[in-house]
Structures are given as structure tokens and as C-alpha cells.
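Each residue of the sequence shown is one higher than the one before, starting from 21 at the first, in my numbering.
In this text, a Cβ means the ideal position worked out from N, Cα and C, and glycines have one as well.
Written out below as C-alpha cells is the structure these notes cover.
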Amino acid sequence: MMATLIFLVLLLLGLLLALRPLLGPKEPFPEPPRREELLKELSVLQEEVAALEGEERKLALARMVELERALEGWRPPEPRPFNPLPVALALGVVLLLGVGLWRYSLPRLPGETTVTQRAEARELKALQDKARRTGAVEDLLAWGRRAYEVQAWDQAAEAYLEVLKKDPRNVEAVRRVGILLFMGGRLEEAEMFLQIAQHADPKAAEGWLFLGNLYFQKGENQAAIAAWERYLEVGGEARERVEGLIAMAKAQAQGAKDGLSVYQARCALCHGAQGEGGVGPRLKGNPILKSPEAVREIVLKGRGQMPPVPLGEEELKTLLDYLAGL
Numbered sequence: 021m022m023a024t025l026i027f028l029v030l031l032l033l034g035l036l037l038a039l040r041p042l043l044g045p046k047e048p049f050p051e052p053p054r055r056e057e058l059l060k061e062l063s064v065l066q067e068e069v070a071a072l073e074g075e076e077r078k079l080a081l082a083r084m085v086e087l088e089r090a091l092e093g094w095r096p097p098e099p100r101p102f103n104p105l106p107v108a109l110a111l112g113v114v115l116l117l118g119v120g121l122w123r124y125s126l127p128r129l130p131g132e133t134t135v136t137q138r139a140e141a142r143e144l145k146a147l148q149d150k151a152r153r154t155g156a157v158e159d160l161l162a163w164g165r166r167a168y169e170v171q172a173w174d175q176a177a178e179a180y181l182e183v184l185k186k187d188p189r190n191v192e193a194v195r196r197v198g199i200l201l202f203m204g205g206r207l208e209e210a211e212m213f214l215q216i217a218q219h220a221d222p223k224a225a226e227g228w229l230f231l232g233n234l235y236f237q238k239g240e241n242q243a244a245i246a247a248w249e250r251y252l253e254v255g256g257e258a259r260e261r262v263e264g265l266i267a268m269a270k271a272q273a274q275g276a277k278d279g280l281s282v283y284q285a286r287c288a289l290c291h292g293a294q295g296e297g298g299v300g301p302r303l304k305g306n307p308i309l310k311s312p313e314a315v316r317e318i319v320l321k322g323r324g325q326m327p328p329v330p331l332g333e334e335e336l337k338t339l340l341d342y343l344a345g346l
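Given below as C-alpha cells:
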């Protein structure tokens, strides 16, 4: 925090110094006219003076005399000496800004995105290096667990797959690979891994939770309810949330087709019950919801880690109407 404040103070000071010439008082007098301008004015007066009379002619002649004298004693304005200070200050500000962004904002390590995650990224990098160096199952598991905790899904998948190569019966790795496959939209493979893991360790609450999520995603409400009830039986911590999911699944099984029901059935698992975000991005207030066609395409075709969601036209319409009101 202190380093960030120092960086901001230095940045503001540099900007102030660089902009100081622009903020100072303006020149009290304009630049002297160039010789070409004086000659042009004299030529115009010489053409017009014959047609003038009286006071106007006197004034024109007097001005011509002034111009001729100015031209006789005219000297080109001396060039201003180059002042490197503003340029140096501007370059310093740019350099300081670049170093600050590189040091405190831009990713530098796997899994690192902001300064608040630097410690996590360093820890994850150290676990990764150790696991790759030793190849020991316990080191691979430590790396996979930490990557899973900080949502570095690619690293988690790599670590757990390496565990399975060395220990195909490692239940934790089987279960976590199943969960990662589910997140990637590969439901059939995910179901196989999760079923094997839960058969081997039926007390693992996490497996029942995601197995229920998977069945719910497939539209198999009764199977989802059964898996979530097993989650509650083995003491899963997210009791209130899962009880709500069970209630939603039961409501959908009874034929509820309004937008909220469709959202809760198809979207809430990843995007949150109120669109606040979770595994998936926040939807509430998301500007993409202002483009129904874009949302339609994402829902039906998927994007990134989000798998396509098979919906009928009626369900899709009610869902889009609901999302537009978030």
C-alpha cells in the first residue's frame, strides 16, 4: 500500500513539473512580425494611398514611413535556446508510469493479475517449480490444490493430470479433474470422473455438489436433487445455497418456465443467484446485456469457459427478457 502511494505521489509531481510551462503566465507581447508580413502591408498601402485623401492619406503615409524604417532596421528574431528540461521531465513521467505499471499492475507471474495477488502468484510459481522438479505426487497435489484455490484452472488441470499419470487411483485428482471438465463444458467426461470419485469416496461433499450441478446443467432435475441431498447429508458447508438450488430444481421440475426460473436453472450456478457473479462473470449491470443478440449467441454457442446452453426458443426469450432487467 505504501509503495503504491509513493508511486502515485511521484507520478503527480512529475506531471506537475512537466506541465508547468503550460500553466505559467503567457507572453505579455506577441512575437514581432516577420519581414514578409511587413513587406506585404507596405505593398498594400502603396497601392491604396493614391486613392486616399485628407487625414486618411496622412495616416497611410505615416504608416508607410514606419514600415520602411522597420524594414531598414529589421533583424530576424533570435531563435530561442533549446530547453531540455520539459522534454526530460516528460520522458521521466512516461518512464515512471511505465515502471509503475510493470511493477504494480501488469502480470509478471503465472496467475498474477494485480498487485494484491503477487504473494499468491509467487507461492503458486514456487509450488509449480518444485512439483515439476521433483515429480512427486505430494508436490503435484500441493501445486494443484493451490492453483485450484486461486482459480488458475489451467495449472490445476495440469497438476492433477500429472498426479493421475503417477497414481491413477488418487481420488482427489479424479474428482478435481471431473470438476475442471465440468467447468470446461465437457459434461459427459466430467460425469464419468465424478461418478468414479464419489463411488470411491462418498463422503466428499465437493463431488456431490458438482455432480448435482452437472445433472442440473443437463436438465436431469431429479438426479441433481439426489446429488445435492447427498451433499447436505455429508455435511457440505454451503447448506443454504444448496437448499435453494434444490428448491429451484423442484420448481423447474413442476414446469415453471418464467425467466427467473430459467435463469436459476441454467445460469445461477455460475453467475450467482442475483447475477452477482461467481465462477462466471458478473451479469448484473453488465453492458453486454444491452445487446440481446450478443447474449443469445453466447448462450446458445458458449464462449471461453462457458459451455453452450441448450434452450428452446420460448425459454430463451423469457431468459433474455429476465437478463435485460438485471
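Going by C-alpha distance, which of the options is nearest residue i?
{"i": "ASN241", "options": "MET203, MET212, ALA285", "result": "ALA285"}
{"i": "LYS223", "options": "GLU257, TYR168, TYR235, LYS145", "result": "GLU257"}
{"i": "GLN171", "options": "GLU182, GLU140, ARG152, VAL157", "result": "GLU140"}
{"i": "GLU88", "options": "GLU75, GLN66, TRP163, LEU265", "result": "GLN66"}
{"i": "LEU341", "options": "SER281, ARG323, LEU62", "result": "According to the sequence shown, residue 341 is Asp rather than Leu. The option with the nearest alpha carbon to ASP341 is SER281."}
{"i": "VAL15", "options": "GLY227, MET268, LEU234, ALA243", "result": "Because the chain here runs from 21 to 346, residue 15 falls outside it and cannot be looked at."}
{"i": "LEU229", "options": "GLY239, VAL157, ARG259", "result": "ARG259"}
{"i": "GLU92", "options": "ARG77, GLU68, ARG55", "result": "ARG55"}
Do you know offhand how far residue i's Cα is from residue j's?
{"i": "GLY345", "j": "GLY295", "result": "11 Å"}
{"i": "ARG189", "j": "ILE245", "result": "28 Å"}
{"i": "ASN306", "j": "VAL329", "result": "19 Å"}
{"i": "LYS337", "j": "ARG166", "result": "40 Å"}
{"i": "GLY298", "j": "CYS287", "result": "10 Å"}
{"i": "GLU249", "j": "LEU32", "result": "57 Å"}
{"i": "GLY355", "j": "ALA247", "result": "There is simply no residue 355 to check, as the chain begins at 21 and stops at 346 in what is shown."}
{"i": "PRO50", "j": "LYS60", "result": "Caution applies to PRO50, whose pLDDT of 47 falls short of 50 and renders its modelled position unreliable; the value that the coordinates give is listed next. Rounded to whole angstroms, PRO50 to LYS60 spans 19 Å at the Cα level."}
{"i": "ILE308", "j": "GLY292", "result": "17 Å"}
{"i": "PRO327", "j": "GLU178", "result": "20 Å"}
{"i": "LYS270", "j": "GLU211", "result": "21 Å"}
{"i": "LEU146", "j": "ARG138", "result": "Inspection of the sequence shows that residue 146 is occupied by Ala rather than by Leu. Cα-Cα distance, rounded: 12 Å."}
{"i": "ARG316", "j": "GLU334", "result": "12 Å"}
{"i": "LYS186", "j": "LEU144", "result": "21 Å"}
{"i": "GLU47", "j": "GLY112", "result": "Confidence at GLU47 is low in this model, with a pLDDT of 48, below 50, so its placement is unreliable and no value can be given for it."}
{"i": "SER63", "j": "GLU86", "result": "13 Å"}
{"i": "TYR235", "j": "ALA243", "result": "6 Å"}
{"i": "ASP149", "j": "TYR168", "result": "16 Å"}
Would a C-beta distance cut-off of 9 Å place residue i and residue j closer than the cut-off?
{"i": "LEU289", "j": "GLN237", "result": "yes"}
{"i": "VAL191", "j": "ALA220", "result": "yes"}
{"i": "GLY279", "j": "LEU343", "result": "yes"}
{"i": "ALA82", "j": "LEU58", "result": "no"}
{"i": "ALA151", "j": "ALA162", "result": "yes"}
{"i": "LEU160", "j": "VAL183", "result": "yes"}
{"i": "TRP173", "j": "LEU200", "result": "yes"}
{"i": "TYR283", "j": "LEU339", "result": "yes"}
{"i": "GLY164", "j": "TYR180", "result": "yes"}
{"i": "ASN233", "j": "PHE213", "result": "no"}
When burial is assigned at 16 or more other CB atoms within 10 Å of the CB, is residue i buried or exposed?
{"i": "LEU320", "result": "exposed"}
{"i": "ALA71", "result": "exposed"}
{"i": "ARG128", "result": "Residue placement at ARG128 is poorly supported in this model, since its pLDDT is 44, which falls under 50; the coordinates still yield a value, given next. Classification for ARG128: exposed."}
{"i": "LEU105", "result": "exposed"}
{"i": "LEU331", "result": "buried"}
{"i": "ALA267", "result": "exposed"}
{"i": "VAL194", "result": "buried"}
{"i": "LEU231", "result": "buried"}
{"i": "LEU126", "result": "Note on LEU126: pLDDT 44, under 50, position unreliable in the model; the coordinate value appears next. LEU126 is exposed by the Cβ-count criterion."}
Could you tell me whether any non-hydrogen atom of the ligand ADP is closer than 8 Å to the CB of residue i?
{"i": "TYR251", "result": "Questions concerning the ligand ADP fall outside what the structure shown contains, since it holds no ligand whatsoever."}
(request) Pair every Cβ in the stretch 310 to 318 with every Cβ in the stretch 289 to 302, then say whether three or more of these pairs are closer than 8 Å. (result) no
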